[in-house]
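Asker:
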Amino acid sequence: MVALAQTEVKLVAEENATLPCHHSLGLLGTQSLDIEWLVNISDHGKQVLQLLSYSAGQVYDAENHRGRYSFVSNYLAGDASMLIRSLKPDDAGQYICKVKNVGQFQWNYITVIVLVKPSEPVCRSEGEPLEGKNVTLHCKSSAGTKPLNYRWVRVNLKDDVERPIQSSARIGPENQLLLHNLSKTDNGSYRCEVSNEVGKQICELHINVQGISNVGFLAGAVCGIVVGVILVILTLWLLFRKREFKKREEDEFLNEIREDAEAPKARLMKPGSSSSDSRSSRSGSSSTRSTTNSASRSQRTLSTQETFHGEQRHHCLEQI
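Each residue of the sequence shown is one higher than the last, beginning at 16 in the working numbering.
1. Is the stretch 112 to 130 close to the stretch 197 to 209, with three or more CB pairs under 8 Å?
2. If you follow the beta strand (DSSP E) that Gln109 is part of, which residue opens it and which one closes it?
3. Counting along the chain, where does the beta strand (DSSP E) carrying Gly203 start and finish?
4. Would you call the stretch 83 to 95 and the stretch 36 to 55 in contact, with 3 or more CB pairs under 8 Å?
5. Shortest alpha-carbon distance to Leu26 belongs to which of Tyr69, Ile99 and Ser88?
6. CA-CA distance, Glu30 and Val150?
7. Counting only the same chain and skipping the five closest in sequence on each side, list residues whose C-beta sits under 8 Å from that of Gln109.
8. Can you check which of these residues, Asn223, Val213, Asp106 and Ala28, is closest to Leu194 by C-alpha distance?
9. On the criterion of 16 or more Cβ atoms from any shown chain inside 10 Å, does Pro133 qualify as buried, or is it exposed?
10. Got a sec? Which residues, its chain only, sit under 6 Å from Val137 by beta carbon, not counting five neighbours each side?
11. What are the boundary residues of the beta strand (DSSP E) that Leu152 is part of?
12. Quick check on DSSP: helix, strand or coil for Ala20?
13. For the candidate residues Leu253, Ser140, Gly239 and Asp106, whose alpha-carbon lies nearest to that of Tyr205?
14. Any idea if Trp252 is buried or exposed, counting beta-carbon neighbours within 10 angstroms, 16 or more meaning buried?
15. With Leu66 as the anchor, note down where its beta strand (DSSP E) starts and where it stops.
16. Does Cys238 pass the burial test, meaning 16 or more other C-beta atoms within 10 Å, or should it be called exposed?
17. Just the C-alpha distance for Val87 and Leu67, rounded to the nearest angstrom, thanks.
18. State yes or no: is the C-beta of Cys112 within less than 8 Å of the C-beta of Cys207?
19. With respect to the beta strand (DSSP E) encompassing Ile50, which residues constitute its N-terminal and C-terminal limits?
20. What does a CB cutoff of less than 6 Å around Asp49 pick up in its chain, not counting 5 residues either side in sequence?
21. Around the Cβ of Ala28, are there at least 16 other Cβ atoms within 10 angstroms (buried) or fewer (exposed)?
22. With Glu146 as the anchor, note down where its beta strand (DSSP E) starts and where it stops.
23. Since Arg166 sits in a beta bridge, which residues does DSSP pair it with?
24. Going by DSSP, name the residue or residues bridged to Trp252.
25. Could you give the C-beta distance for Met97 and Trp167, rounded to a whole number, given that I count them as a contact under 8 Å?
26. Tell me Cys218's beta-bridge partners as DSSP assigns them.
27. What does Val127 pair with, by DSSP beta-bridge criteria?
28. According to DSSP, is Gln327 helix, strand or coil?
29. Out of Leu152, Leu249 and Thr160, point me to the one whose CA is closest to Val213's CA.
30. Distance, Cα to Cα, Gln349 vs Lys103?
31. Just verifying my parser: in three-state terms, what is the DSSP assignment at Asp266?
32. Please name the residue, chosen from Pro179, Ser101, Gln216 and Leu64, that lies closest to Ala158 on a Cα-to-Cα basis.
33. Near Gly142, what residues of its chain come up, given a Cβ to Cβ distance below 8 Å and the 5 sequence neighbours on each side ignored?
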């Protein structure tokens, strides 16, 4: 005898899921009872994988997915439902629960569709929120089972009550909100809601419309602050330079005093040093000059004496 059952279930990603499988073959005894959970994963090209089984009194689960699959209840008594922990988008496919006992078979086919909640959207604004200008509010969710539905609402943050959006506002082709000719009445918080059949996510933007006069005042204030900061920095720099210049002058003055104090020491000489040598040289030169002068005087005296003796001899000869 063969019994077949086919069902389709939609499950949510990142949640635990239970796949039902009920049988009555346990009434025939449990010694020869076999239970097997198989799956056809589309990404594996119709390859059949065994996830969980019971045979000969033992429970076996897949080594690559140990702990993810388990029996929920008393599988021997007729409830062989399987628990899948933390469902993933890749878990989508056709699951087969096969129960066999004493030549009788029971097959349960379950088609699993995994739905993914929208990811948290990112909100941003484009344009300056000035009176009379236009602003575009963007909202984008990067993941989630399609179709994703976008909705813009204006809310009061104090009581979270929706308020009407300006009548001239439009929704663009990429679900952006176009606000035209802004005025003070457009101030407030704008919420983008992204939803599908399994969940919803939101993001918010706050619009504060500025008047033209306010913008000029703010620009002037910013310029004043910038100029003030520059003046403070310039003043500090001048003070630093002045202090550095004064310190340099003091250092130069001290160096001059130190040089003047060390100058006399350089003129003092030790005994027997170059000064003594100089005096010796001067003494030697004086002695040399004295000797030379003495020699000259001696030569002149001898010459005078020779001349005198010669004249005397000449006079004696004349008398004879």
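Built from N, CA and C at the ideal position, the CB exists for glycine as well.
Answerer: Inspection of the coordinates gives the following:
1. Under the Cβ criterion (8 Å, minimum of three pairs), the stretch 112 to 130 does not count as touching the stretch 197 to 209.
2. Along the sequence shown, read from residue 1 onward, the residue named residue 109 stands at position 94. Following the DSSP letters along the chain, one finds Gln109 inside the beta strand (DSSP E) bounded by residues Gly108 to Asn116.
3. Here residue 203 refers to the residue found at position 188 when the sequence shown is read from its first residue. In this chain, the beta strand (DSSP E) harbouring Gly203 covers Gly203 to Asn211.
4. Two segments are said to touch when three or more pairs of C-beta atoms, one from each, lie closer than 8 Å; by this definition the stretch 83 to 95 touches the stretch 36 to 55.
5. Residue 26 sits at position 11 when you count from the first residue of the sequence shown. Residue Ile99 is the option with its Cα nearest to Leu26.
6. On the sequence shown, position 15 is the one that residue 30 refers to. On the sequence shown, position 135 is the one that residue 150 refers to. If I take the Cα positions, the gap works out to 39 Å.
7. Here residue 109 is taken as the residue at index 94 of the sequence shown, counted from 1. The answer, listed in chain order, is Val54, Asn55, Tyr124, Ile125, Thr126 and Val127.
8. The residue given as residue 194 occupies position 179 in the sequence shown. Among Asn223, Val213, Asp106 and Ala28, the Cα nearest to that of Leu194 belongs to Asn223.
9. Within the sequence shown, numbered from 1, the residue matching residue 133 stands at position 118. Buried.
10. Position 122 of the sequence shown, counted from the start, is the residue given in the question as residue 137. Cβ neighbours of Val137 beyond the five flanking positions: Lys155.
11. For this step, residue 152 is matched to residue 137 along the sequence shown. Looking at the DSSP string, the run of the beta strand (DSSP E) that includes Leu152 is Val150 to Lys155.
12. The count along the sequence shown starts at 1 and reaches residue 20 at position 5. Residue state, collapsed to three classes: strand.
13. The residue given as residue 205 occupies position 190 in the sequence shown. Taking only the C-alpha atoms, the option nearest Tyr205 is Ser140.
14. Here residue 252 is taken as the residue at index 237 of the sequence shown, counted from 1. By the neighbour-count rule (16 or more Cβ atoms within 10 Å), Trp252 is not buried but exposed.
15. Position 51 of the sequence shown holds residue 66. Note, Leu66: beta strand (DSSP E), Gln62 to Ser70.
16. The sequence position of residue 238 within the sequence shown is 223, counting from 1. Looking at its Cβ environment, which holds fewer than 16 other Cβ atoms inside 10 Å, Cys238 is exposed.
17. By one-based count along the sequence shown, residue 87 stands at place 72. By one-based count along the sequence shown, residue 67 stands at place 52. Those two C-alpha atoms are separated by around 12 Å.
18. As a first step, residue 112 is located in the sequence shown; it is residue number 97 there, counting from the start. As a first step, residue 207 is located in the sequence shown; it is residue number 192 there, counting from the start. No, the pair does not count as a contact, with Cβ atoms beyond the cut-off.
19. Here the question's residue 50 lines up with position 35 in the sequence shown. Segment Asp49 to Ile56, the beta strand (DSSP E) holding Ile50.
20. Working through the sequence shown from its first residue, we reach residue 49 at position 34. Result list for Asp49: Ser70 and Lys115, in chain order.
21. Residue numbering aside, residue 28 sits at position 13 when the sequence shown is read from its first letter. So Ala28 counts as buried.
22. Looking up residue 146 in the sequence shown gives position 131. First-last for Glu146: undefined, no H or E at that position.
23. Within the sequence shown, residue 166 is the residue found at index 151, counting from 1. Among the bridge pairs identified by DSSP, Arg166 is matched with Glu208.
24. As a working note, residue 252 is residue 237 in the sequence shown. DSSP output for Trp252 lists no bridge partner at all.
25. Sequence index remark: in the sequence shown, residue 97 carries index 82 (1-based). Sequence index remark: in the sequence shown, residue 167 carries index 152 (1-based). Their Cβ separation, rounded to whole angstroms, is 43 Å, which puts Met97 and Trp167 out of contact at 8 Å.
26. Here residue 218 is taken as the residue at index 203 of the sequence shown, counted from 1. Looking at the DSSP assignment, Cys218 forms a beta bridge with Cys207.
27. Against the sequence shown, residue 127 aligns to sequence position 112. The partner list for Val127 (beta bridge, DSSP) reads Val24 and Gly108.
28. Reading the sequence shown from its first residue, position 312 is the one you call residue 327. At Gln327, the pLDDT of 41 sits below 50, so the modelled position is not reliable and the matter cannot be decided from this model.
29. As a position in the sequence shown, residue 213 is number 198, starting the count at 1. Selected option, being the one with the closest Cα: Thr160.
30. The chain is shown from 16 up to 335; residue 349 falls before or after that span and cannot be answered.
31. The residue you call residue 266 lines up with position 251 of the sequence shown. Reduced to three states, the DSSP call for Asp266 is helix.
32. Position 143 of the sequence shown, counted from the start, is the residue given in the question as residue 158. Minimum Cα distance to Ala158 is reached at Gln216.
33. Along the sequence shown, read from residue 1 onward, the residue named residue 142 stands at position 127. Hits under 8 Å: Lys148, Asn149, Val150 and Thr151.
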